[in-house]
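Report on the structure given below.
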Amino acid sequence: MSVRAFIPEGQINGVYLHIHGGGWVLGRAHHKDPELETIMNKCEAAVISVDYRLAPESPYPAAQDDCEAAAVWVVENAPKEFGTKISLSVVSRRVALGCRNYVADEGQTWIHGFFRG
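Yeah, the sequence shown ends on 642 if you go by my numbering, and it's all consecutive.
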């Protein structure tokens with residue numbers, strides 16, 4: 526897994542964790558770069574975009590594991606890295622629900638409440 530980070534200059538008002546749509550089999554993180562730069566600039570938010578592993582080359586639950594790892598990193602590190610509160614949002618409601626349910630199933634119930642779609 527890799528991530529793309531868009532960090533605004535100056536004040537950071539939050540963190541936006543972007544998990545692209547595509548049903549875990551299509552798309553790449555860089556496809557949304559222009560939109561993510563706009564979010565960074567308009568919201569003065571740090572934007573973290575997850576380039577998770579895709580199926581079928583990486584079978585289930587590789588993509589979900591990557592997204593969980595990114596979300597855990599943001600929750601654990603955003604306050605000290607960006608000096609801001611934690612707020613995780615994702616564009617796709619289905620992806621948000623999938624991530625939320627997956628982390629809850631994996632026993633990470635402390636994090637699933639951070640997901641908003």
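The C-beta atom is built at its ideal place from N, Cα and C for all residues, glycine as well.
#1: DSSP has V540 in a bridge; who is on the other side?
#2: If we ignore side chains and look at the alpha-carbon of each, how far apart do I564 and N602 end up?
#3: Could you please give the first and the last residue of the uninterrupted beta strand (DSSP E) stretch that includes A530?
#4: Measure the C-alpha to C-alpha separation of L551 and A570 and round it to an integer number of angstroms.
#5: Have a look at E582, G539, W549 and D558 and flag the residue whose alpha-carbon is nearest the alpha-carbon of Q589.
#6: Counting C-beta neighbours from all protein chains within 10 Å, is the total for H555 16 or more, i.e. buried, or is it exposed?
#7: Counting C-beta neighbours from all protein chains within 10 Å, is the total for A530 16 or more, i.e. buried, or is it exposed?
#8: So, is E562 buried or exposed, given that buried needs 16 or more other C-beta atoms within 10 angstroms?
#9: Thinking just about the alpha-carbon of each residue, which of N566, I544 and H545 is nearest to the one in N538?
#10: What does the alpha-carbon distance come out to for the pair H543 and S583?
#11: Looking at C-alpha atoms only, which residue of D591, A580 and P586 is the closest neighbour of G547?
With the given structure in hand:
#1: A571
#2: 20 angstroms
#3: S527 to F531
#4: 26 angstroms
#5: With distances taken between Cα atoms, Q589 lies closest to W549.
#6: In the assembly as shown, H555 is an exposed residue. Its beta-carbon has fewer than 16 other beta-carbons within 10 Å.
#7: exposed
#8: exposed
#9: Of the candidates N566, I544 and H545, the one whose C-alpha sits nearest the C-alpha of N538 is N566.
#10: Straight-line Cα distance between these residues: approximately 20 angstroms.
#11: Checked all of D591, A580 and P586; the closest Cα to G547 is A580.
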